[in-house]
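Contents: one structure, followed by commentary.
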Amino acid sequence: MIDSADGGSVTPISLLTPGDKADTAAATGAWTAFSGYEGYLIVVQHVGTITAGTVAGKFQTATDDQGTGVADLATFTTVTTSTDAPNIQRAVVAASAIKGYVRYIGTIVT
Numbered sequence: 018m019i020d021s022a023d024g025g026s027v028t029p030i031s032l033l034t035p036g037d038k039a040d041t042a043a044a045t046g047a048w049t050a051f052s053g054y055e056g057y058l059i060v061v062q063h064v065g066t067i068t069a070g071t072v073a074g075k076f077q078t079a080t081d082d083q084g085t086g087v088a089d090l091a092t093f094t095t096v097t098t099s100t101d102a103p104n105i106q107r108a109v110v111a112a113s114a115i116k117g118y119v120r121y122i123g124t125i126v127t
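Take the position in the sequence shown, starting the count at 1, then add 17; the result is the number in the working numbering.
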């Protein structure tokens, strides 16, 4: 829980808009510039209903918007048809681990 003293320092950023994602390309957010933050990031993966297959999500960082030097910062537990609707997971990542850009990638297997 974030107390009222910390609430003003929270900046939400959406790395992937909600919607139907039929393949991994549709479940991959663009590289987003990220700088000037201190402390920790709370990264949230919120998966809705899965009609078939699985979703394996990752939060990644890289040095540029082309993915140079990509590294995984958080890997979420794979979501299946029996663990969905809704499935909300979080990871805490040190802001100092960010190389300059971040993205979310959801690998979809059907």
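Virtual Cβ for every residue (Gly too), placed ideally from N, Cα, C.
query: Between Val96, Thr98, Val109 and Gln77, which lies nearest to Ala50 when the distance is taken from Cα to Cα?
result: From the listed residues Val96, Thr98, Val109 and Gln77, the smallest Cα separation to Ala50 is found for Gln77.
query: Going along the chain, which residues of its own chain have a beta-carbon closer than 8 Å to the beta-carbon of Lys116, five neighbours each way excluded?
result: For Lys116, the CB contacts under 8 Å within the same chain, skipping 5 residues up- and downstream, are Thr78, Ala79, Thr80, Gly86 and Ala88 in chain order.
field: Paired residues, beta bridge with Leu32 - DSSP
entry: None; Leu32 has no bridge partner.
field: Three-way DSSP call (helix, strand, coil) for Thr41 in this model
entry: Three-state result, Thr41: helix.
- prompt: What is the DSSP secondary structure of Ala50, counted as helix, strand or coil?
  reply: Note: Ala50 maps to strand in three-state DSSP.
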